[in-house]
Structures are given as C-alpha cells and as structure tokens.
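Our numbering applies: residue 1145 is where the sequence shown begins, and numbers increase by one. Backbone N, C-alpha and C define an ideal beta-carbon position, used for all residues, glycine too. A short worksheet on the structure shown next.
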Amino acid sequence: MRLIRLFSLAALTVLLAAPTARAQGHLNLFVGSNFSGDAGRSLSAALNDGSRLTWGGAVGGTLRGIFGAEVDLAYARHFYGDDSSLGNNYVFTLMPSLIVGVPVGGEGGPGIRPYGTAGFGWIRRDLSINGVDAIKDNDLGYSIGFGVDGFATDHFGIRADYRYFRNVSADESTNVVGISFDQGTFSFSRGTVGAIFRF
1145 MRLIRLFSLA ALTVLLAAPT ARAQGHLNLF VGSNFSGDAG RSLSAALNDG SRLTWGGAVG
1205 GTLRGIFGAE VDLAYARHFY GDDSSLGNNY VFTLMPSLIV GVPVGGEGGP GIRPYGTAGF
1265 GWIRRDLSIN GVDAIKDNDL GYSIGFGVDG FATDHFGIRA DYRYFRNVSA DESTNVVGIS
1325 FDQGTFSFSR GTVGAIFRF
C-alpha cells in the first residue's frame, strides 16, 4: 500500500501544480475490451464480442502537455465470460499513473498528443463457479501503456489507449527499504476508445 500512496502523492503533486505551472486538466470517459493473458481471448475475438466490455474513466493533468499524472479506473463485468455458471464475475482496476506526452500542435486548439504511461495501484478480482467462490482478492498491480489524444477543439477530443496490467505480490520483510515485490500470475491487456475533455 505504501507504493500506491507514493504514486497517488505524485499524481496529486502534478494536479496541485496546475494553477502555477500552466497545467491542463483532463477527463477521459472510455469503453473498450480486455484481451490476451487471463482474459483468455485474442484482440480480434474481443472486438467481435460485445458481452465483455470494460468501461471507466481517468482524471488528471499535464504540465505544458508533456509531464502529467492521472487516476485511471475501470470495471470489466464478465471478465471471465458470461456463462451463467460464472456468476457476476468482474475485474476492477484503480491505477494512479504518470504520463509523458508529446503535444504536436501545441497545448490548445486542434492537435494530437501521443503519450506513454505507467501506473501502480489496485486490482480486484471476483469469480464464482456455480455459486462457489473461486477467486475473490485484492492485489497490488501495475500498468504500462501508450496511446494518443486527438483534439478537435480547445476542449474536446478522442483518446485511443492501450494498457497492460499485471498483479504483484509484496513481502514487507526481505528488502532493505522494507518491501519486496514478486511478479504475479494474473495479467491482461486493455484497449479502449473514449472522449477526452480538456480544461
């Protein structure tokens, strides 16, 4: 939990710097799908299956359109499938993330902004099989990804985004700084498209 607080503090620092450092805020509302890894299907299968959508949003800000932070949250109902035996299974992610972008066309008006992002936060999974709990956990996890914001006006645009998620396990007694991480066994990719509002 210490690293989640650290990432959250970094995101908050960027957002609080907005009034004094020409920062821009943004809100992204998106819909998409999960694929690969534990999602158990290819990208093409995900695009053809409307029963397992993921949706969510992100709010954050960037300094001069280059360095920034955001908090990304997403909910994927029927992550493991929509068979009745699997119940109301889902995966929920909450990731404070750092952003590095390239504002082609400047900070206002029409333009595009390719970006890369990395986050560290929370992954919650819930799955029951025929009414019996099979998975119900809360894990630390990380995300890495990239995307592009395409702005049509000063305040509105479209974002296309890809992120890879993986859980980690933590041992608080084996490292000099007090915490050590091991790669988890749960992972998936997420592709989304959404509206982005710049303010």
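Span of the alpha helix (DSSP H) around residue i
i: residue 1178; result: Careful: residue 1178 lies outside any alpha helix (DSSP H), inside the beta strand (DSSP E) at 1167-1179.
i: residue 1191; result: 1187-1192
Residue burial classification, residue i (beta-carbon count within 10 angstroms, cutoff 16)
i: residue 1334; result: buried
i: residue 1342; result: buried
i: residue 1189; result: exposed
i: residue 1279; result: exposed
i: residue 1177; result: buried
i: residue 1332; result: buried
i: residue 1249; result: exposed
i: residue 1320; result: The predicted model places residue 1320 with a pLDDT of 49, which falls under 50 and marks its position as unreliable; any figure quoted below should be read in that light. Under this definition residue 1320 is an exposed residue.
i: residue 1241; result: buried
i: residue 1220; result: buried
Minimum C-alpha distance to residue i - residue among the options
i: residue 1327; options: 1306, 1284, 1290 and 1307; result: 1284
i: residue 1294; options: 1230, 1253 and 1167; result: 1253
i: residue 1171; options: 1260, 1214 and 1271; result: 1214
i: residue 1339; options: 1175, 1309, 1185 and 1272; result: 1175
i: residue 1307; options: 1262, 1194 and 1325; result: 1262
i: residue 1282; options: 1273, 1305, 1337 and 1310; result: 1310
i: residue 1173; options: 1198, 1257 and 1180; result: 1198
i: residue 1185; options: 1216, 1169, 1302 and 1222; result: 1222
i: residue 1203; options: 1239, 1219 and 1180; result: 1239
i: residue 1218; options: 1194, 1228, 1276 and 1266; result: 1266
i: residue 1275; options: 1168, 1297, 1258 and 1228; result: 1228
i: residue 1257; options: 1277, 1187, 1196 and 1304; result: 1304
i: residue 1247; options: 1193, 1298 and 1180; result: 1298
Nearest-angstrom Cβ-Cβ length linking residue i and residue j, presumed shorter than 8 angstroms
i: residue 1201; j: residue 1212; result: No, residue 1201 and residue 1212 are not in contact; Cβ-Cβ is about 16 angstroms, not under 8 angstroms.
i: residue 1245; j: residue 1210; result: 6 angstroms
i: residue 1232; j: residue 1224; result: Residue 1232 to residue 1224, Cβ: 11 angstroms. No contact.
i: residue 1286; j: residue 1300; result: Contact doesn't hold; Cβ gap of about 30 angstroms is too wide.
i: residue 1290; j: residue 1260; result: 5 angstroms
i: residue 1330; j: residue 1226; result: That belief does not hold up - the Cβ atoms of residue 1330 and residue 1226 are roughly 20 angstroms apart, past 8 angstroms.
i: residue 1191; j: residue 1230; result: Wrong, their Cβ atoms sit about 21 angstroms apart, outside the cutoff.
Distance CB(residue i)-CB(residue j) smaller than 7 angstroms
i: residue 1236; j: residue 1268; result: yes
i: residue 1312; j: residue 1325; result: yes
Endpoints, the beta strand (DSSP E) within which residue i is located
i: residue 1248; result: Per DSSP, residue 1248 belongs to no beta strand (DSSP E) and is neither H nor E.
i: residue 1267; result: 1255-1273
i: residue 1279; result: 1276-1295
i: residue 1200; result: 1197-1207
i: residue 1219; result: 1211-1221
7 angstroms Cβ cutoff, residue i in contact with chain B
i: residue 1264; result: Of the protein chains in the structure, only one exists, and it is not chain B.
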